[in-house]
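Have a look at the structure below, then the notes.
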Amino acid sequence: MEWGIVKRDFKRYLQLERSLSPNSIDAYMNDVSKLEAFCSFKNLALNTIQTRDIQKFLLFINDFNISPYTQARLLSGLKTFFGFLQIEYQLEDNPAELIEAPRLNRKLPSVLNIQEIDALIAAIDLSTPEGMRNKAILEILYGCGLRVSELVNLKISNLFLDIEFIKVEGKGNKERLIPIGQQAIKYLRIYLEEVRIHLAIKSGAEDIVFLNRRGAQLTRVMVFIIIKRLANKIALNKDISPHTFRHSFASHLVEGGADLRAVQDMLGHESITTTEIYTHIDKDYLQSVITQYHPRS
């Protein structure tokens, strides 16, 4: 088995059969390239790799002080890679299959409270076209719980504002419908009708909602920059990103009593266990529930 050919076939497998996003595919391929470099250094042929070799590779990688989350993701990628080799190249065993991932402490996501979100949105300069666009961006991030990749790829043809829904393409090109509230609709319409209409739109971006001043598709990095600048403007002492608005969207829904399955559908989570992280409720509230409702309290 030649690394170059195997990597090419593995990439096609991830694209066509797994339908993964470009970012996920890049992560998988980077993991395989790390293993390739290690095997080259150790003079190991791909079809001779055994479990102990994978363990040595993981120990080697660990010397670079990578986080347990990165280690777990790397191991998961290798298990997928060798599983692919079993299917397509008749590899007898998966040498990564029995290796346990490092234990992960589940970290609660950082969220913003209502006052902080209001302060960030209020800090936007609405006297500029970019400000009106940014207002619509933040209203949609918080009002719909989109990933930043879903936001920058949002299409005009997938806006159904008359019935208060938008359609987005999530991970693995899976589509889902998400309700959109009146506040987000209001500022999205203002942006589309008063700002975007005046841009010289680049070829290929005709159906993309959010554009930069040159009429090209807005990038993920630019959305990060917009939010960081607003946080600095109001001296917000939190490390926030576009994903913080998604976390806040989910957390506020769950805390308000929303059904967890409905939140799962809106976020596009495959497993409800991923959504359950938003069920964190402060201890004072839990204590008040016990005091109010338990017969022995």
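Residue numbers (full-length UniProt numbering): 1 to 297.
Beta carbons are placed, not taken as given, at the ideal position from N, Cα and C, and that holds for glycine.
Just so it is clear, the structure is predicted and the values come from calculations on it, not from any experiment.
Taking C-beta atoms as the reference points, Leu267 and Gly145 count as a pair closer than 9 Å. Distance from the CA atom of Leu236 to the CA atom of Glu116, rounded to whole angstroms, is 8 Å. Around the Cβ of Gly77, a 10 Å sphere holds 16 or more other Cβ atoms; the residue is buried.
Setting aside the 5 residues that flank it on each side, Leu44 is surrounded in the same chain by Asp53, each with a C-beta closer than 7 Å to its C-beta; the list follows chain order. Around the beta carbon of Ser33, a 10 Å sphere encloses fewer than 16 other beta carbons of the protein chains shown; the residue is thus reported as exposed. Bounds of the alpha helix (DSSP H) holding Lys11 are 3–12.
For Leu188 against Ile156, the beta-carbon gap comes to about 10 Å, at or over 8 Å, which does not count as contact.
Fewer than three beta-carbon pairs drawn from the region 56–73 and the region 11–23 are found closer than 8 Å, and the two stretches are therefore not classed as touching. Separation of Leu192 and Asn232 (C-alpha to C-alpha, rounded to the nearest whole angstrom) is 27 Å. Below 8 Å, too few C-beta pairs join the region 205–214 and the region 174–186 to call them touching: fewer than three. The beta carbon of Ala184 sits closer than 7 Å to those of Glu139, Ile140, Gly143, Cys144, all from its chain and outside the five residues before and after it, given in chain order. Between Arg147 and His247, the gap from beta carbon to beta carbon reaches 9 Å or more. Separation of Arg214 and Leu46 (C-alpha to C-alpha, rounded to the nearest whole angstrom) is 48 Å. In this structure, the straight-line span from the alpha carbon of Ile5 to that of Glu36 is close to 12 Å.
Secondary structure at Phe81: helix, using DSSP grouped into helix, strand and coil. If you draw a straight line from the Cα of Glu169 to the Cα of Leu151, it is about 9 Å long.
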